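Student: The sequence shown runs contiguously to residue 1597 in the working numbering. Using N, Cα and C, we set each Cβ at its ideal position, and we do this for glycine too. From a predicted model like this one, the values you see are computed outputs, not experimental measurements.
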Amino acid sequence: MAFVKDMLRMWAHSWKRFISIAMITLLGVAVLTGIYAGCRDAFRSTDRFFDAQGLHDVQVLSTAGLSNGDIAALRKVNGVAKVQAERSQEVTFDLDGRKSATMQEIGTNGIDQSYLQEGRMPKKAGEIAVTRKFIRDSGKRIGSRLTVTPESASSDTSDTNDTNGADGTNETNGTDEAPSFPTKLTIVGVVLDPQNLSNPDGYSAMTSFRSTATTDYTFFAPSDGVTGTLYTSATLLVKGAAAESTFDESYENTVKQVTDRIDGTVKTDRQKARRQELLDAGNKKIADARAEADKKFADAQSQIDANRQQFNQQVDQIVSMQAGAAAAGAAANGANAGAAAAAGATTPQLDETTRETMRETIIAASFELTQAKQQLDQAQSQLNEQKASTEQTLKTKENELKTSIPQVRWYVQDRQSLGGFSALKSDLDSIQSLGNAFPIVFLLVAVMMSLTAMARMVEEDRSLIGTYVGLGYGRLAVASRYLLFALLACLIGGGLGLIAGFLGIPAFLLVVLQGMYVMPGLRLEYDWLYGSLGIALFVVGVLAATIYACVQEMRMTPAALMRPKAPRAGSRILLERIRPVWNRIGFLGKVTARNIFRFKSRLIMTVGGVAGCTALIVCGLAINDTVADLGIKQYRDIYQYDLMVVSDDSDASAMRTKVASDGRVTSSLDVRIESGDLAISGGGDGDSGKAGSSGSESIQLVAVPEKHLSDLGEMVTLQPVSSGMLGTSGVGKTGSLKLDDDGVIVAQSAASALGVKAGSKVRLTNGDGVRATAKVSAVNRNLIGSDVYVSETYYAKLFDSKDAKNTKNSKSSEDSEALTWNAMLAKLSGSDTSQTDYAESLEEDSSVMKAVSCAHMADSFKFDLMGAVVALIVALAGGLALVVLFTLANTNVSERVREMATLKVLGFFDREVHHYVNREMMILTVMGVILGLPLGRLVGGMLTMALNMPSLYFEVEVKPLSYVIAAVATMAFALLVQLFVNPVLDRIDPISSLKSVE
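See below:
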């Protein structure tokens, strides 16, 4: 019992060490669990919401729309649980200018169900539900009315065209009609679209650089009032996918099995079948037109024939009358009356020549008959010409039909293609990667500080330990006094750390996240396993340090332990050997130098602890600086052009004419831009890219005209890069990189994610879905987006030649055409504001699909979530620095109580004692800061390597101000600690402190 009482008394006496260990454990466990828990809560709540609303696992789009046959084929795919055919239509309306919206039919099979936030769901024709973004922008409310105008027929498949940059067709098979929605609308509800969780009332505008929306708004309408049997898309749910977390790899693998099956057989067969339907529909229309024309021509010919018969009868009657009259006159000159009577009673018989001669004479003699004959002849001639012209037109249509209907293309997409989903996932993944890395530094600092504190605690009880061992107590029992002390401190600190980690930090992160995304049903959850392992990790680390300290002391005999520890033998430091310097240092300066460098353990622990904390602060600020400059570096330095304009292939010429006529362009470069895919080539065949491939990246494939390859360097800064160590990269000289016909230039952001370098073989997929194996000639410095530059000749070699891979999806040689330059990179005159306004005005033009101003992108690019997390990490690192400095300062004082007492006996005033002690701590702190600044840059490089976000490369940068902030913050913490240490120095009693232990 006395042993226990003495142990408790010792614990109470060492309350400062207890608080230090508990605080370090609290901060470490909070960092370890907090960021993880916040991301986990967001992941889980979002996954539950997606499952509840039936967010599709797979979406199928087609350039020619989807028919009932397509839907039936998808239902037969193994692994498909549900298929929902969807109809949509793009419309425009007036809202402070022309705005566009997608009229979306509310699914009837439980897929992609909107989440009702206000009002009710529409049920009748003409009723719609809108998003909160529309309510905010328009000022309308539930009950407001709206009139919309449908886009042209060509927009029926615009969802596919705009999303994939493909060429669509307006043809249907005669029975399938494009969707049509009511135009007089009434708002009855406000809903949240599960495909886009961006918060319009927060700061979701920062994600505009990742937005994939092709229209301004989405309106949700019931099936009532919607006509048309042609579907714009089909959404699918996969069996077993709902049981997996949508953000886990297991979910991706489950969905990928189904998408591979669709790509393997159904896609190819239905593309051919759909095109054949369009061909058959075209042929049927031509046949119907020919039959209708033949009927009209037959009716016209019958009418002409009837008129000509009537005309001939009239002429023949006149001929007969004239012939009879002539015969009667001849008979009147005869010999007898009987013959005359016989002749008058019989019409003379005329031969054909005579009759025809008389007909012509009669017609010529009569103006009316001549005019009637001319009209009949003219009508017949016109009819014959119309017959010939119509037949020629129909034959031309038949010949042009095959080439006028392009190859039908399917696009099979998963949730990653949803801009809102991929943005949320990349944000959370990046933050979680930081949460996995930072606790390592906290753990190392915690072990170092625990070793320092517990070693000093054991050393203070040296004689007591010898006494207990001499009395027969086992060394384990004696060591348990310190092990239980450290364990209790870790458990209390860890418990508080779990509260902060699963409540405080997640609540902060989720507030920031909810400013960016709407996540219904969000709640904080505790993970028993992860929380227990988090505490156990720090318990093991601290106990290991405590065991080491106990072993170091208890390996001696009780007699040696009960005697005071002999002071260190005097020795010279290196500075003493530099006589010119040493001789000019004052007495107290020499004492300080000896105290700093003679006690190596104190030097290492102090400098190491301060350096670690400083490195954490620098690392956090480095990530903030890196993210803050991404937009400026990309859109000001790398992109030299001011404007990028993209159009549909059919509008490319009109787009260039429009831009040229505005007179704002000082120089330009026509290019072709397609949405594609880049993957590591598996085996080099480029067929599937599955074997040996470690992933893929969505890219922007930029084809450059052969005659203007040298002009690319004027629009984009071409700098070759090579991968370096720990987040660094070697950047070549500007302008030293040229695009040629030997390979493609890959953006650094994509190359870093896939591990691609110059000379690698990659699998490229172009906008038509054609795959080919390409050589990477160089990796270009690029931070935002994943551009792949290819020359016109190399593009043709990859995708248009007979050697192009995946020939079942490629164009035949007879269908191969020259590239259409559907985009323009241009330099503009005027200020940044005028350039932004000009880009916005271009988007109002019907020939322009997208216009992007680099000035606007540079100014609007933000990463608020990362900034909030960095602020949190810097705050925690600052707290850790404060605890570390407090622990080291108190340990330093406890080790030197007799020394301080001697100084007081010698006549040192309190302030002089303060200066004597604090000067050493400040020098050690400065040394730690000097070491921690470059260490923070190094750790920042390592952490940014872990931030593998789609289409982003973090080029580590630390601004001078960040170094200053980190150094000043650490020194400020050191000064703050002095305020706590100085009273301790004042309370040292020289008499009691100098009493001999013996």
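1) Suppose the cutoff is 8 Å on Cβ atoms and the five residues either side in sequence are ignored; what does the same chain contact list for L1121 look like?
2) Distance, Cα to Cα, L1187 vs K615?
3) Taking only three categories from DSSP, how would you classify G1282?
4) Could you please give me the residues that DSSP links to L1363 through a beta bridge?
5) Thinking just about the alpha-carbon of each residue, which of T1501, R1495, V1320, I1564 is nearest to the one in V1580?
6) Excluding five sequence neighbours on each side, which residues of the same chain lie with their C-beta closer than 8 Å to the C-beta of S1493?
7) Out of G725, Q977, W1009, N882, which has the shortest C-alpha to C-alpha gap to T864?
8) Between which two residues does the beta strand (DSSP E) containing A684 stretch?
9) Can you tell me whether DSSP reads F1485 as helix, strand or coil?
10) Starting from the C-beta of S743, find all residues in its chain whose C-beta is less than 6 Å away, skip the five residues before and the five after it, and write them out in chain order.
11) For the beta strand (DSSP E) holding I977, just list the boundary residues, first then last.
12) What are the residues that DSSP puts in a beta bridge with S832?
13) Do F896 and G824 come within 8 Å of each other at the CB atom, strictly closer than that value?
14) Relative to the C-alpha of G1478, which residue among A1422, I623, S687 is closest?
15) With DSSP collapsed to three states, give me the class of P799.
16) How about G706 and L829: do their beta carbons lie closer than 8 Å?
17) Should the stretch 1450-1462 be regarded as contacting the stretch 1182-1197, the criterion being three or more beta carbon pairs within less than 8 Å?
18) Please classify S1025: does DSSP put it in a helix, a strand, or coil?
19) Distance check for T691 and P1005, CA to CA, integer angstroms please.
20) If distances are taken between C-alpha atoms only, which option among R1061, F602, R735, I1590 comes closest to V1504?
21) Enumerate in chain order the residues of its own chain whose CB-to-CB distance from T782 is below 8 Å, with the five nearest sequence positions on each side excluded.
22) Would you report the Cα separation of L1033 and L1481, rounded to the nearest angstrom?
23) Tell me the rounded alpha-carbon separation between M1541 and I861.
24) Based on DSSP bridge pairs, tell me the residues matched to W1009.
25) What does the alpha-carbon distance come out to for the pair G1133 and Q1031?
26) When we look at the beta-carbon of S1400 and count the other beta-carbons within 10 Å, is it buried (16 or more) or exposed?
27) Is the distance from the Cβ of S699 to the Cβ of D815 below 8 Å?
28) Between the alpha carbons of V1473 and I634, how many angstroms are there, rounded?
29) Would you kindly check if the distance between the Cβ of L796 and the Cβ of H655 is under 8 Å?
30) Is it buried or exposed for S1430, if we count other Cβ within 10 angstroms and need 16 for buried?
31) Under the assumption that T1422 contacts N1381 (Cβ atoms under 8 Å), give the Cβ distance between them as a whole number of angstroms.
32) Please check the pair L1487 and M1053, which I expect to be a contact at CB under 8 Å, by giving their CB distance rounded to whole angstroms.
33) Can you tell me which of the three DSSP states M1243 falls into?
34) Check this for me: beta carbons of N1365 and L1317, under 8 Å apart or not?
35) Reducing DSSP to helix, strand and coil, say where G1557 ends up.
36) Going by the CB atoms, is the gap between V789 and E717 shorter than 8 Å?
Tutor: With the given structure in hand:
1) Here residue 1121 corresponds to residue number 522 of the sequence shown, with the count starting at 1. Taken in chain order, the residues that qualify are D640, A641, S644, L1109, Q1113.
2) Residue 1187 sits at position 588 when you count from the first residue of the sequence shown. Residue 615 sits at position 16 when you count from the first residue of the sequence shown. Their Cα atoms are separated by approximately 29 Å.
3) For the purposes of this step, residue 1282 is identified with residue 683 of the sequence shown, where counting begins at 1. Legend: pLDDT at G1282 = 40, less than 50; position of this residue unreliable, value from coordinates given subsequently. Of the three classes helix, strand and coil, the one that applies to G1282 here is coil, per DSSP.
4) The sequence position of residue 1363 within the sequence shown is 764, counting from 1. Paired residue(s): L1277, A1371.
5) Stepping through the sequence shown from its first residue, residue 1580 is reached at position 981. When each option's Cα is compared against that of V1580, the closest is R1495.
6) Locating residue 1493 in the sequence shown gives position 894, counting from the first residue. The residues are R1055, E1059.
7) Here residue 864 refers to the residue found at position 265 when the sequence shown is read from its first residue. Minimum Cα distance to T864 is reached at W1009.
8) To locate residue 684, count along the sequence shown from 1; it is residue 85. Unbroken beta strand (DSSP E) run through A684: 679-685.
9) Taking the sequence shown and counting its residues from 1, the one referred to as residue 1485 is at position 886. Residue state, collapsed to three classes: helix.
10) Taking the first residue of the sequence shown as 1, we reach residue 743 at position 144. I786.
11) Residue numbering aside, residue 977 sits at position 378 when the sequence shown is read from its first letter. The sequence given here has Gln at residue 977, not Ile. Careful: Q977 lies outside any beta strand (DSSP E), inside the alpha helix (DSSP H) at 966-1003.
12) As a working mapping, residue 832 is identified with position 233 in the sequence shown. Looking at the DSSP assignment, S832 forms a beta bridge with L660, E685.
13) Mapped onto the sequence shown, residue 824 falls at position 225. Mapped onto the sequence shown, residue 896 falls at position 297. Not closer than 8 Å, so no.
14) Within the sequence shown, the letter at position 879 stands for residue 1478. When only C-alpha atoms are compared, the closest one is I623.
15) By 1-based counting over the sequence shown, the position of residue 799 is 200. Reduced to three states, the DSSP call for P799 is coil.
16) In the sequence shown, residue 706 corresponds to position 107, counting from 1. In the sequence shown, residue 829 corresponds to position 230, counting from 1. In this structure, L829 does not lie closer than 8 Å to G706 by Cβ.
17) no
18) Along the sequence shown, read from residue 1 onward, the residue named residue 1025 stands at position 426. Note: S1025 maps to helix in three-state DSSP.
19) Locating residue 1005 in the sequence shown gives position 406, where the first residue counts as 1. Locating residue 691 in the sequence shown gives position 92, where the first residue counts as 1. Cα to Cα, P1005 sits roughly 28 Å from T691.
20) Position 905 of the sequence shown, counted from the start, is the residue given in the question as residue 1504. Of R1061, F602, R735, I1590, the residue nearest in Cα terms is I1590.
21) Position 183 of the sequence shown, counted from the first residue, corresponds to residue 782. Answer for T782: V690, T746, V747, T748, P749, listed in chain order.
22) For the purposes of this step, residue 1033 is identified with residue 434 of the sequence shown, where counting begins at 1. For the purposes of this step, residue 1481 is identified with residue 882 of the sequence shown, where counting begins at 1. About 22 Å.
23) Here residue 1541 is taken as the residue at index 942 of the sequence shown, counted from 1. Here residue 861 is taken as the residue at index 262 of the sequence shown, counted from 1. Looking at the two C-alpha atoms, the distance is approximately 40 Å.
24) As a working mapping, residue 1009 is identified with position 410 in the sequence shown. DSSP lists S661 as partners of W1009.
25) Locating residue 1133 in the sequence shown gives position 534, where the first residue counts as 1. Locating residue 1031 in the sequence shown gives position 432, where the first residue counts as 1. In a straight line, the C-alpha of G1133 is about 15 Å away from that of Q1031.
26) If you number the sequence shown from 1, residue 1400 lands on position 801. Here S1400 scores only 42 on pLDDT, less than 50, and its place in the model should not be relied on; the value that follows carries that caveat. Exposed, since its Cβ has fewer than 16 Cβ neighbours within 10 Å.
27) Locating residue 699 in the sequence shown gives position 100, where the first residue counts as 1. Locating residue 815 in the sequence shown gives position 216, where the first residue counts as 1. Contact: yes.
28) Position 874 of the sequence shown holds residue 1473. Position 35 of the sequence shown holds residue 634. Their backbone Cα atoms lie some 13 Å apart in a straight line.
29) Taking the first residue of the sequence shown as position 1, residue 655 is located at position 56. Taking the first residue of the sequence shown as position 1, residue 796 is located at position 197. No.
30) The count along the sequence shown starts at 1 and reaches residue 1430 at position 831. Exposed is the call here.
31) In the sequence shown, the residue the question calls residue 1422 occupies position 823. In the sequence shown, the residue the question calls residue 1381 occupies position 782. According to the sequence as given, residue 1422 is Ala; it is not Thr. The Cβ separation is near 17 Å, so there is no contact.
32) As a working note, residue 1487 is residue 888 in the sequence shown. As a working note, residue 1053 is residue 454 in the sequence shown. Rounded, the Cβ-Cβ distance is 13 Å, inconsistent with contact.
33) What you label residue 1243 is simply residue 644 of the sequence shown in a count that begins at 1. Note: M1243 maps to strand in three-state DSSP.
34) By 1-based counting over the sequence shown, the position of residue 1365 is 766. By 1-based counting over the sequence shown, the position of residue 1317 is 718. No, Cβ-Cβ distance for N1365 and L1317 is not below 8 Å.
35) Here residue 1557 corresponds to residue number 958 of the sequence shown, with the count starting at 1. The sequence shown places Val at residue 1557, rather than the Gly named in the question. It is coil, neither helix nor strand.
36) For the purposes of this step, residue 717 is taken as the residue at position 118 of the sequence shown. For the purposes of this step, residue 789 is taken as the residue at position 190 of the sequence shown. In this structure, V789 lies closer than 8 Å to E717 by Cβ.
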